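Colleague: In our numbering, the protein residues as written are 345 to 534.
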């Protein structure tokens with residue numbers, strides 16, 4: 345099974361794409377480096393905001409809450425690649441990466457809207473529940489022959505949910521700002 349190796353190659357980049365900082369004698373992979381430096385930097389920023397008392401919420405838990413859904417999504421998608429009986433990442437990389445991108449986009453957009461509106465972010469994104477069910481079913485051997493169909497189904501679900509969320513946010517913003525979404529004109533006052 346080539347799933348984990350392919351997933352790591354896609355995540356960390358190919359071996360020939362090393363970059364170097366000759367002044368300090370460091371070689372690194374740009375994509376892998378950014379993946380492993382972003383989380384520590386985010387945690388450091390949360391710690392500094394907590395220490396300085398500048399967190400929007402009162403507790404450190406509230407500061408770390410927005411990291412929970414993306415972290416769980418990453419862990420569940422990694423688990424899918426690891427338990428895949430059909431080596432889904434090698435056989436259907438475009439669809440798997442499409443689903444991954446749309447799922448992360450949905451989670452991220454919701455976090456951005458929560459930040460902009462100064463509301464509390466949700467602890468668990470609802471799209472994590474069907475993903476966990478998919479992984480449980482694959483681990484139990486229920487969908488061994490139907491993994492591609494499950495991947496297509498979950499991809500459609502994630503895409504429809506993301507488009508629905510975008511349309512709803514656009515509609516709510518247009519009503520709140522009293523504007524048309526794709527026009528420069530304003531609706532007439534009633």
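All C-beta atoms, glycine included, are put in the ideal place defined by N, C-alpha and C. Every value quoted in this text rests on a predicted model; they were computed, and no experiment measured them.
Residue 508 to residue 524, Cα distance in whole Å?
Modeller: 18 Å
Colleague: Is the stretch 410-426 in contact with the stretch 460-476, if contact means three or more CB pairs nearer than 8 Å?
Modeller: Yes, the stretch 410-426 touches the stretch 460-476.
Colleague: On the DSSP letters alone, give me the boundaries of the alpha helix (DSSP H) that residue 457 sits inside.
Modeller: 437-461
Colleague: Under DSSP, the alpha helix (DSSP H) around residue 479 begins and ends at which residues?
Modeller: 472-484
Colleague: Among residues of its own chain, excluding the 5 on either side of residue 495, which ones have a beta-carbon nearer than 8 Å to its beta-carbon?
Modeller: 432, 436, 439, 440 and 443
Colleague: Under 8 Å by Cβ, that's how I've got residue 390 and residue 424 pegged, so tell me the actual separation to the nearest angstrom.
Modeller: Not really, about 28 Å apart at Cβ, beyond 8 Å.
Colleague: Report yes or no: is there a C-beta of chain D within less than 8 Å of the C-beta of residue 434?
Modeller: Here there is only one protein chain, and chain D is not present.
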